[in-house]
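Structure first, then comments.
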Amino acid sequence: MTFLNGFIEEEIFMDQPEGFTAVGEEQKVCRLQRSIYGLKQASRSWNTRFDEVIQGYDFIKNDYDPCIYKKISGSSVAYLVLYVDNILLIGNDVKMLGDIKA
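So for the sequence shown, the UniProt record's numbering puts the first residue at 1; every next one is plus one.
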């Protein structure tokens with residue numbers, strides 16, 4: 001389900017899915033507006049969108065590993081580690097972690 005949330009920048013067309021072809025319109029194609037499973041760009045487009053959204057919540061991307069983010073607020077620190085579509089969230093302030101999850 002994760003990779004279906006990415007936006008695509010290119011114009012990509014595909015044949016109509018089986019069962020969705022209207023009578024008399026069998027030659028028409030579909031233009032994708034979002035990622036679908038099997039699309040080569042799906043994982044990258046989702047990761048790009050995730051990166052934009054998470055940095056909007058004041059997380060800073062690690063310079064050496066682009067899948068690690070850090071958020072600092074006073075003495076509270078939270079780390080977010082992304083692996084494919086799994087997220088590990090750790091930190092020293094339970095309230096801050098709860099706010100991030102919400």
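Where a beta carbon is used, it is the ideal one built from N, C-alpha and C, also for glycine.
Looking at the secondary structure, which residues open and close the beta strand (DSSP E) in which residue i lies?
i: N86; result: N86 to G91
i: I72; result: I68 to S73
Quick check on the burial criterion: 16 or more other C-beta atoms within 10 angstroms. Buried or exposed for residue i?
i: G98; result: exposed
i: S45; result: buried
Measure from the alpha carbon of residue i to the alpha carbon of each residue in the options, then state which is nearest.
i: E26; options: R34, S35 and Q16; result: Q16
i: Q55; options: Y64, Y69, S43 and W46; result: Y69
i: T48; options: S75, L82, I90 and G38; result: L82
i: K28; options: Y37, F13 and F7; result: F13
i: S73; options: V23, R34, E18 and I100; result: I100
i: R31; options: D51, E52, I8 and N92; result: I8
i: N62; options: V94, V53 and L80; result: L80
i: V84; options: I90, A42 and Y57; result: A42
In the DSSP output, what is residue i paired with across the bridge?
i: S76; result: S73
i: I8; result: For I8, which the question treats as bridged, DSSP gives no partner whatsoever.
i: K61; result: Y69
i: D15; result: V29
i: V81; result: I68 and L88
Between which two residues does the alpha helix (DSSP H) carrying residue i extend?
i: T48; result: A42 to Q55
i: G38; result: Looking at the DSSP string, G38 is not in any alpha helix (DSSP H), and its letter there is neither H nor E.
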